[in-house]
Ligand SMILES: Cc1cc2nc3c(=O)[nH]c(=O)nc-3n(C[C@H](O)[C@H](O)[C@H](O)COP(=O)(O)OP(=O)(O)OC[C@H]3O[C@@H](n4cnc5c(N)ncnc54)[C@H](O)[C@@H]3O)c2cc1C
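Residue numbers (the working numbering): 3 to 494.
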């Protein structure tokens, strides 16, 4: 590999989330000596699972889904050999209270018209709603609008959207995808979500769901790194670093010297790690512009089936998505390595202790997801469970007759950064003022919202920078976007 080095350069990767893991895997494969520092006892960061102490169940911190357009994430899955652990769905079911379903999926028509027939048939919207939505989508089709500082809600109002179109279509899609209320979302990110998921192609918009707990998925990245002479050090929190002319010193209990370092931690964690010198000031100032938004997952175990659906989008209520986990996880539930939570991270887990038999045989396990769940943060576990059960009964009447066997509420209070108008000006590139120190993380300048794809993009981008500075001028880890199909090829 790098001719000018007497031995392979040593790289510290701080953070075992998707950004750190993707950077570490790419660098280990290219011949760097990689050491990952992860403060928790397991991998995956904000996309992880753990064995819940009170219920004894392995739960994801929250259901994670991906789309076909997540090219870097999919390449990462192939790299670590877990691509077959994702199940793909072309159709989404939108349920109204009362249970009426609108099923949206692709047709034989070329993009961007491929979902039009299903959309025209959907009973959850009336004709004026559909005409308004079609006009706004047409405005987003030719070119991705730039961030002008205007919120997407203001843009929608300027583009003549009906209240029902805003509530049942725009909010439903965007709040889940961006984890923020649309009055606080930039036009650019909203447009990106709509273009990638609804307009570009049928394959870009299909939804992937992991069939194993998240940590089982991302543990494979640890195996990949170890198989390439790398190392993953758990329960190892990096407190600070010092950049020196030819090396980077890391302080994590003791002191260790590296040729390069990639910091792949959330922005608030980075603030705590940055050296207390004036060199850090501009980055500190940049980071003070970020805010976060919460996501709440409500995990319910019933003594019987409450629906045949594997997942559904829920309209007009607090709960936004239903994932039928016992169907989606298949038979491989909890047979892998799993981790125990309670590590002081900003995740609040509250549980209703086992009230009967576990969910085997006839029972079912359902997770309800509420993105941008600001209204739930102050509510108690019991209030959230009561609200969820009452709303669930409106969509799935069978749940009213089912016995709740156990339940857990997981509030991720600082789930993701808020993609507010103007935020791109503050999202840093991987390079820093310290030539051997690089940044990664879903909040850095990836052009993507806070997603697993954004995190992997940031990891590959940081790894690319390390490799190039180390002398591999042509190193390239980032994967191209999916090509547009049909008429969308005209617009790109
Ligand atoms: C509830 C929830 C639901 C989500 N749903 C989806 C979804 O459906 N689809 C999707 O694409 N994305 C989703 N996301 C977003 C996605 O999980 C994140 O964008 C992505 O996982 C971020 O990865 P990361 O590596 O940038 O950061 P993180 O995952 O936060 O990783 C950072 C790691 O650094 C470690 N760390 C922090 N400080 C230190 C330190 N000092 N020393 C050592 N280690 C440290 C942390 O423990 C962590 O493991 C969701 C996020 C949440 C929270």
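Even glycine gets a Cβ: it sits at the ideal position worked out from N, Cα and C.
Note that the structure is predicted; figures quoted are calculated from it, not measured.
List the DSSP bridge partners of residue i.
i	result
residue 228	DSSP lists no partner for residue 228.
residue 419	294
residue 212	88
residue 323	315, 371
residue 433	440
residue 96	104, 315
residue 406	304
residue 24	Beta-bridge pairing links residue 24 to no other residue.
residue 366	304
residue 246	249
residue 69	209
residue 263	14, 439
At a threshold of 7 Å, does residue i count as lining ligand 2 (C-beta to nearest heavy atom)?
i	result
residue 116	This structure does not include ligand 2; its bound ligands are ligand 1.
Is it true that the CB of residue j sits closer than 8 Å to the CB of residue i?
i	j	result
residue 63	residue 48	yes
residue 109	residue 125	no
residue 136	residue 164	no
residue 250	residue 22	no
residue 32	residue 469	yes
residue 214	residue 331	yes
residue 266	residue 25	yes
residue 497	residue 296	The question about residue 497 has no answer here: the residues shown for the chain are numbered 3 through 494.
residue 411	residue 305	no
residue 28	residue 230	no
residue 324	residue 370	yes
residue 182	residue 460	no
residue 300	residue 386	yes
residue 176	residue 154	yes
residue 207	residue 399	no
residue 432	residue 463	yes
residue 430	residue 288	yes
residue 258	residue 252	yes
residue 448	residue 440	no
residue 329	residue 219	no
residue 240	residue 16	yes
residue 409	residue 303	yes
residue 396	residue 99	yes
residue 111	residue 118	yes
residue 418	residue 320	no
residue 169	residue 270	no
residue 226	residue 425	no
residue 443	residue 6	no
Look at the alpha carbon of residue i and the alpha carbon of residue j, and state the distance between them as a whole number of angstroms.
i	j	result
residue 375	residue 167	21 Å
residue 274	residue 242	8 Å
residue 373	residue 90	22 Å
residue 46	residue 54	16 Å
residue 308	residue 401	5 Å
residue 310	residue 262	51 Å
residue 97	residue 129	18 Å
residue 222	residue 78	11 Å
residue 10	residue 34	5 Å
residue 121	residue 106	6 Å
residue 335	residue 365	For residue 335, the pLDDT reaches just 42, beneath the cut-off of 50, and the residue's location in the model is therefore unreliable, although a value from the coordinates is still provided. Approximately 14 Å, taken between the alpha carbons.
residue 313	residue 285	41 Å
residue 61	residue 51	5 Å
residue 291	residue 268	14 Å
residue 490	residue 38	41 Å
residue 141	residue 224	44 Å
residue 237	residue 156	45 Å
residue 349	residue 19	Below a pLDDT of 50, predicted positions are generally treated as unreliable, and residue 349, at 48, falls in that range; the measurement from the model is reported next regardless. Going by the C-alpha atoms only, they are around 15 Å apart.
residue 342	residue 59	Summary for residue 342: the model assigns pLDDT 39, below 50, so the residue's position carries little reliability, and this model does not support an answer.
residue 327	residue 217	15 Å
residue 13	residue 233	11 Å
residue 367	residue 93	21 Å
residue 388	residue 260	52 Å
residue 277	residue 405	54 Å
residue 210	residue 178	15 Å
residue 162	residue 95	26 Å
residue 184	residue 143	19 Å
residue 84	residue 458	15 Å
residue 298	residue 466	35 Å
How do the segment 436 to 456 and the segment 49 to 68 stand: do at least 3 beta-carbon pairs fall below 8 Å, yes or no? Yes, the segment 436 to 456 touches the segment 49 to 68.
I want to know whether the segment 141 to 161 touches the segment 190 to 199 - three or more CB-CB distances under 8 Å. Contact holds: three or more Cβ-Cβ distances are below 8 Å.
Inter-stretch contact (C-beta, 8 Å, three-pair minimum) for the segment 373 to 392 and the segment 270 to 285: Cβ pair count under 8 Å is below three, so no.
Per the contact definition of three or more C-beta pairs closer than 8 Å, is the segment 478 to 485 in contact with the segment 72 to 88? The answer is yes - the segment 478 to 485 touches the segment 72 to 88, with three or more Cβ pairs under 8 Å.
Please confirm if the segment 200 to 213 is in contact with the segment 483 to 492, defined as three or more CB-CB distances below 8 Å between the two stretches. The segment 200 to 213 is in contact with the segment 483 to 492.
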